[in-house]
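Heads up, the sequence shown is in full-length UniProt numbering, so the first residue is 1 and it goes up one at a time.
Ideal Cβ placement from N, Cα and C applies to all residues, glycine included.
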Amino acid sequence: MHPSTPGSTGLTRQDAAVTARRWVLHIDMDAFFASAEQLTRPTLRGRPVLVGGAGPRGVVAGASYEARVFGARSAMPMHQARRLVGPSAVVVAPRGIVYSTLSGRVFETLRASVPVLETLSLDEAFGEPAELVGASVAEVEQYCAMLRAAVLARTGLTASIGAATGKQLAKIGSGLAKPDGMRVISPTEQTALLAGLPVRKLWGIGPVAEGRLRGLGIETVGAFAALPESEVAALLGGAVGLGLHRLARGIDDRPVAERAEAKQISAETTYERDIVGMADLRAAITAMAAHAHRRLERDGRAARTVVLKLKKSDMSIVTRSFTLPYATTELATLTAAAQRSAIDPVELGAIRLVGVGYGGLSQIRQESLFPELDQAVPEDVAEVEPPPSAEQIPSESPTDGWSQGLDVEHPEFGHGWVQGAGYGVVTVRFETSSTGPGQARTFRADDPALTRADPLASLR
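Given below as structure tokens:
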């Protein structure tokens, strides 16, 4: 972490005095989903929390830093994360409304100082404060410290901030600062810092581009920056390749601007080898549906339309869509809809690219109205790993009407959440963001005094 004053950062007076015409900030909330759960359910603080689905196909949407120590991370199959963390893992279902509300408070706090924010998701944004034009490294550090303190005071959550002369380096800086820190990258150090990074760290370098570069022995950003422009253009394309090459050399003049709300959220991948079988296609669809779903969760909206995009080896494109009767964020439902649009490569021809997009986006979220659709994924869909046994995944389905993690209310004890239920009883932990760790109490499952509650009450 880099504290707010030059004397405590280890910076020399000369370093602290370095100025730049332009400073871009990248603000990124630390382990946002898991931190929100630990904030509103204080008993979970300091514990390895995994946010996501608990079923055999569940995916980790967020992991606390206590869980990351064991190797758990976002986008990992939940059963794999649970095995890594062990019996101390606490799995909670996502509560989108809580994350959206906290996100609104974060951005509202930031906009008080930085009116123009380019929001990337619920938990990260770029800013380019007018006050920092021509500022020194020391002044930027003081400004970042002020922003971090304001966010913490308003929300109870920590943010990491990176600052540099462009977006690319600012984002790298926030990554270096995590967790709960800040990193100001001086113009005098940016070339050396970029040069030593793996080429995949460069914004816009995906697995295919990385593979092509590695084939030439190019593994660092510095080695990529040293390539002649003509070779880069031939390798990665004119506009895209040369744009990436500029970023590798630290040239990043992209403006910070408010983003229009996306009409569709998608993910796609071009495969090194064409897909020629249905089993491989279904596996690719499942992977892309999960990838797009992670972006959907971070966006905070729900989707009603699922679009499948297939690019054939002859470069022609086929798209098919499936519209649900309701907007949802359920991965199983969205994946099933994408699978319904699949076309056998034996009939269509070899496929080189698979993409899944979610449209009809809205803030309205609704539980599945048709559970049978959730099970509609054909049996030949490949799993990343074999699903765990029943002994490895304790049941978290509703028992006597009470599901684990459900927000509840009691007239005497206030707001709480269900820790477990079964055999005619339900155990509730009564606590909110302002109470500190609460007491657990057990009730009869049919106790009329215990009722479902608005998750936002946990922010009281």
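Give the secondary structure of residue i by DSSP, where H, G and I count as helix, E and B as strand, and everything else as coil.
{"i": "E108", "result": "helix"}
{"i": "F70", "result": "coil"}
{"i": "R301", "result": "coil"}
{"i": "R22", "result": "coil"}
{"i": "Q264", "result": "coil"}
{"i": "Y326", "result": "strand"}
{"i": "S321", "result": "strand"}
{"i": "G238", "result": "helix"}
{"i": "L450", "result": "coil"}
{"i": "D28", "result": "strand"}
{"i": "T442", "result": "strand"}
{"i": "L169", "result": "helix"}
{"i": "Y423", "result": "coil"}
{"i": "E391", "result": "Note that E391 scores 26 on pLDDT, short of 50, meaning its location in the model is unreliable and no value can be drawn from it."}
{"i": "F33", "result": "helix"}
{"i": "residue 463", "result": "This structure leaves residue 463 out entirely; the chain is present only between 1 and 460."}
{"i": "L308", "result": "strand"}
{"i": "R246", "result": "helix"}
{"i": "T333", "result": "helix"}
{"i": "L17", "result": "According to the sequence displayed, residue 17 carries Ala and not Leu. Note: A17 maps to coil in three-state DSSP."}
{"i": "L117", "result": "strand"}
{"i": "L193", "result": "helix"}
{"i": "I343", "result": "coil"}
{"i": "P77", "result": "strand"}
{"i": "I285", "result": "helix"}
Going by beta carbon distance, what residues of the same chain come within less than 6 angstroms of residue i, once the five residues before and after it are set aside?
{"i": "G71", "result": "L84"}
{"i": "A150", "result": "T109"}
{"i": "P387", "result": "Here P387 scores only 28 on pLDDT, less than 50, and its place in the model should not be relied on; the value that follows carries that caveat. Within the same chain, P387 has close Cβ partners P56."}
{"i": "Q392", "result": "Model confidence at Q392 stands at a pLDDT of 28, short of 50, so the residue's coordinates are unreliable and nothing is read from them."}
{"i": "Q190", "result": "L169 and G250"}
{"i": "residue 461", "result": "Not covered by the structure: residue 461. The range shown for the chain is 1 to 460."}
{"i": "T442", "result": "V425 and T427"}
{"i": "K311", "result": "I317, R352 and L353"}
{"i": "G241", "result": "V232 and A233"}
Find out if the Cβ-Cβ distance for the pair residue i, residue j is shorter than 8 angstroms.
{"i": "L117", "j": "R111", "result": "yes"}
{"i": "V199", "j": "T220", "result": "yes"}
{"i": "G438", "j": "G416", "result": "yes"}
{"i": "E412", "j": "T451", "result": "no"}
{"i": "I185", "j": "L169", "result": "yes"}
{"i": "L120", "j": "W23", "result": "no"}
{"i": "G62", "j": "F32", "result": "yes"}
{"i": "H26", "j": "K171", "result": "yes"}
{"i": "G424", "j": "A445", "result": "yes"}
{"i": "A135", "j": "F107", "result": "no"}
{"i": "R304", "j": "T323", "result": "yes"}
{"i": "R148", "j": "G162", "result": "no"}
{"i": "A159", "j": "D28", "result": "yes"}
{"i": "L244", "j": "L236", "result": "yes"}
{"i": "S313", "j": "L157", "result": "no"}
{"i": "L122", "j": "R259", "result": "no"}
{"i": "L202", "j": "A248", "result": "yes"}
{"i": "I97", "j": "L456", "result": "yes"}
Is residue i buried or exposed, if buried means 16 or more other CB atoms sit within 10 Å of its CB?
{"i": "K167", "result": "buried"}
{"i": "L216", "result": "exposed"}
{"i": "P48", "result": "buried"}
{"i": "V69", "result": "exposed"}
{"i": "S74", "result": "buried"}
{"i": "S362", "result": "exposed"}
{"i": "A449", "result": "exposed"}
{"i": "T432", "result": "buried"}
{"i": "S458", "result": "buried"}
{"i": "E272", "result": "exposed"}
{"i": "A225", "result": "buried"}
{"i": "E141", "result": "buried"}
{"i": "M146", "result": "exposed"}
Might you give, ordered along the chain, the residues of its own chain that have their beta carbon closer than 7 angstroms to the beta carbon of residue i, omitting 5 neighbours on each side?
{"i": "A338", "result": "I285, A289, V306, L308 and V356"}
{"i": "H293", "result": "L331 and L334"}
{"i": "L44", "result": "E37, Q38 and V90"}
{"i": "Y65", "result": "A31 and P179"}
{"i": "P345", "result": "I275, V276, G277, M278, L281 and I351"}
{"i": "G359", "result": "K263, Q264, A303, T305 and V307"}
{"i": "I205", "result": "V199 and L244"}
{"i": "G46", "result": "E66"}
{"i": "E229", "result": "L242 and H245"}
Assuming residue i and residue j are in contact, meaning their beta carbons sit under 8 angstroms apart, how far apart are those beta carbons, in whole angstroms?
{"i": "A16", "j": "P187", "result": "About 13 angstroms separates the two Cβ atoms, so there is no contact after all."}
{"i": "T155", "j": "R105", "result": "5 angstroms"}
{"i": "G405", "j": "V418", "result": "6 angstroms"}
{"i": "D274", "j": "A350", "result": "4 angstroms"}
{"i": "V256", "j": "E128", "result": "4 angstroms"}
{"i": "R454", "j": "D407", "result": "The residue you asked about is not Arg; residue 454 is Asp in the sequence shown. Confirmed, Cβ separation roughly 7 angstroms."}
Can you give me the Cβ contacts of residue i inside the same chain, cut-off strictly under 8 angstroms, excluding the 5 residues immediately before and after it?
{"i": "S434", "result": "R460"}
{"i": "L176", "result": "G162 and R183"}
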